[in-house]
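This report concerns only the one structure given below.
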Amino acid sequence: MPIASEEMDLNLVDTAFKLLTSKDDVIKTTVLFRNRRLSNDDDISQYMSGVILDDFLPHSNDFSNTWTAARSASNRLGVHWTFEEASVRLQLQDTEIRANSRRRVMHTIRERQRADRTAVLIRNYPHQGEVMECVSMSPASSHFITDGKYMSFAMWRFVFRARSGTVSLNGYLSRKELNDQGCRVCTDANRETLPLVLCHCKPHLFIMTLRHSALVLRVKNAIAHLVTILFENQMVSGTRLKPDITIEANNEILIIDVTVTFVNGKQSFERARQRKLDRYSCLIDRFKTPTNSVEVIAFVMGALGSWDPLMKKFTSRSCLAKFRHLCVCDTIRWSRDIYTEHVTGIRQFDPNDLNIQALQPPEPENEVDEALSRRPQVGDS
1 MPIASEEMDL
11 NLVDTAFKLL
21 TSKDDVIKTT
31 VLFRNRRLSN
41 DDDISQYMSG
51 VILDDFLPHS
61 NDFSNTWTAA
71 RSASNRLGVH
81 WTFEEASVRL
91 QLQDTEIRAN
101 SRRRVMHTIR
111 ERQRADRTAV
121 LIRNYPHQGE
131 VMECVSMSPA
141 SSHFITDGKY
151 MSFAMWRFVF
161 RARSGTVSLN
171 GYLSRKELND
181 QGCRVCTDAN
191 RETLPLVLCH
201 CKPHLFIMTL
211 RHSALVLRVK
221 NAIAHLVTIL
231 FENQMVSGTR
241 LKPDITIEAN
251 NEILIIDVTV
261 TFVNGKQSFE
271 RARQRKLDRY
281 SCLIDRFKTP
291 TNSVEVIAFV
301 MGALGSWDPL
311 MKKFTSRSCL
321 AKFRHLCVCD
331 TIRWSRDIYT
341 EHVTGIRQFD
351 PNDLNIQALQ
361 PPEPENEVDE
371 ALSRRPQVGD
381 S
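Counting from 1, position 33 in the sequence shown corresponds to residue 33 in UniProt numbering; the numbering is continuous, with no gaps.
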């Protein structure tokens, strides 16, 4: 978003530079009036750069023209002017603009200022912007912005604050001392952040399981009419692995496992996908026969509704867009419930609701099964 005062200064500097790269002697008259002596290149350079030293101490404000306005703008922008014989250059930190680039003065300075502001934000607020970097990878992640489709108002209010990292968590409040930034629910973390709340906080594992199960159900409903479902959330014989869905279609067996991860940068999807591939790659040989092929598919979703652009297409082209939109909104819905319950202590759904009960995994038969059926694991839902 343009900054009005900065745009005004950019226009003043741009106008002055374009005039100076033409033949114009008015500036020498201006410097002579201020300096009360004949000007040289150093005088003009210092004057236009906004230097207020010795002879350049202000005498009055009754003399103003294009150059005095450009001088003030240069001082505010941090632009330094250099005059050497008949040439003029602008210097902004390590960026130099010469006369042959006179048409790109505003663009060059504006982009450099934006880059500097971005660097400051990244340095001072490292948690902001990382989620949006992943959101921008796929239009499906923000499909609801124009029409609010599949979104509630509560989800709408939550998702934008969460994606920008401006939620009211202890770890994001700079006014709090370091020893006061711990998690308000669990005692395992010294700093309360969104990744902790949405993917790691142990008291919320039950809701994380519901979020995970909702996505598994979406995948199952999308592919049920196209494939044969061999296993669903069952332990593979001889191993301690329980992939979410194992399907067969056209002599190809697909081992699908869903994971919800908090995405911090574009590499987050790749890391989450690779963890799943490494975990289930040992099952390929168990299902492989001379007549079929076996593939492990990691269904990765960002905890704030970021869609992985490398996700394998699970359904027909006509239903793919709707499938993506529903998965994004389901994830946002459950993440919002986790966050709100974490902050307020009030559960956001009725556990006795039939739709909620359908998402709960079956009761384990013994303690060993119970330990293996906990899903999601802490840090990887």
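No residue lacks a Cβ here, since even glycine has one placed at the ideal position from N, Cα and C.
Per DSSP, the bridge partner or partners of residue i
{"i": "Ser268", "result": "According to DSSP, Ser268 bridges with nothing at all."}
{"i": "Lys231", "result": "Correcting the residue identity first, residue 231 is Phe in this sequence and not Lys. Phe231 pairs with Thr246."}
{"i": "Gly238", "result": "DSSP, once it has assigned bridges, lists no residue as partnering Gly238."}
{"i": "Ala321", "result": "Ala321 pairs with nothing; no bridge assigned."}
{"i": "Ser293", "result": "Glu252"}
{"i": "Leu92", "result": "Thr95"}
{"i": "Gly129", "result": "According to DSSP, which records beta bridges pairwise, Gly129 is partnered with nothing at all."}
{"i": "Thr259", "result": "Val300"}
{"i": "His80", "result": "Gln91"}
{"i": "Trp307", "result": "Met301"}
Inter-residue CB distance, residue i and residue j (contact presumed, cutoff 8 Å)
{"i": "Arg324", "j": "Val260", "result": "The Cβ separation is near 15 Å, so there is no contact."}
{"i": "Ile255", "j": "Val197", "result": "Actually they do not touch by this definition, with Cβ atoms about 30 Å apart."}
{"i": "Arg89", "j": "Thr95", "result": "At roughly 11 Å, the Cβ-Cβ gap does not stay under 8 Å, so Arg89 and Thr95 are not in contact."}
{"i": "Val131", "j": "Arg163", "result": "5 Å"}
{"i": "Met151", "j": "Ile338", "result": "Met151 to Ile338, Cβ: 17 Å. No contact."}
{"i": "Pro203", "j": "Phe262", "result": "Between Phe262 and Pro203 the Cβ distance is about 17 Å, and since that is not below 8 Å, they are no contact."}
{"i": "Val219", "j": "Ala249", "result": "Incorrect: roughly 14 Å between the Cβ atoms, too far for contact."}
{"i": "Ala298", "j": "Lys322", "result": "22 Å between Cβ atoms; not a contact."}
{"i": "Thr66", "j": "Thr15", "result": "6 Å"}
{"i": "Ser138", "j": "Trp307", "result": "4 Å"}
{"i": "Ser293", "j": "Asn251", "result": "7 Å"}
Buried or exposed (CB count within 10 angstroms, at least 16 for buried), residue i
{"i": "Phe17", "result": "buried"}
{"i": "Pro290", "result": "exposed"}
{"i": "Gln274", "result": "exposed"}
{"i": "Ser74", "result": "buried"}
{"i": "Gln46", "result": "buried"}
{"i": "Ile3", "result": "exposed"}
{"i": "Thr344", "result": "exposed"}
{"i": "Glu85", "result": "exposed"}
{"i": "Ala189", "result": "buried"}
{"i": "Gly265", "result": "exposed"}
{"i": "Ile245", "result": "buried"}
{"i": "Thr193", "result": "buried"}
{"i": "Ile253", "result": "buried"}
{"i": "Phe206", "result": "exposed"}
{"i": "residue 460", "result": "Residue 460 is absent from the structure shown; the chain starts at 1 and stops at 381."}
{"i": "Arg114", "result": "exposed"}
{"i": "Cys201", "result": "buried"}
{"i": "Asp353", "result": "exposed"}
{"i": "Leu77", "result": "buried"}
{"i": "Cys282", "result": "exposed"}
{"i": "Leu32", "result": "Since pLDDT at Leu32 reaches only 48, below the 50 mark, its modelled position is unreliable, and no value is offered."}
{"i": "Leu173", "result": "exposed"}
{"i": "His225", "result": "exposed"}
{"i": "Cys134", "result": "buried"}
{"i": "Ile223", "result": "buried"}
{"i": "Phe160", "result": "exposed"}
{"i": "Cys319", "result": "exposed"}
(request) Would you check if there are 3 or more beta carbon pairs closer than 8 Å linking the segment 266 to 280 to the segment 291 to 303? (result) Yes, the segment 266 to 280 touches the segment 291 to 303.
(message) When you compare the segment 2 to 16 with the segment 103 to 118, are there three or more beta-carbon pairs, one atom per stretch, that lie closer than 8 Å?
(response) Under the Cβ criterion (8 Å, minimum of three pairs), the segment 2 to 16 counts as touching the segment 103 to 118.
(request) Report yes or no: do three or more beta-carbon pairs, one from the segment 322 to 338 and one from the segment 211 to 221, lie closer than 8 Å? (result) With a cut-off of 8 Å, the segment 211 to 221 and the segment 322 to 338 count as touching, because enough Cβ pairs lie within range.
(request) Flag this pair as touching only if the segment 94 to 102 and the segment 230 to 240 have three or more C-beta atom pairs under 8 Å; answer yes or no. (result) A contact is defined here as three or more CB-CB pairs under 8 Å, and the segment 94 to 102 fails this definition with respect to the segment 230 to 240.
(request) Counting only runs of 4+ residues fully inside the segment 137 to 179, write out the alpha helix (DSSP H) ranges in chain order. (result) For the segment 137 to 179, the full-length alpha helix (DSSP H) segments reaching 4 residues or more read 144 to 147 and 153 to 164 along the chain.
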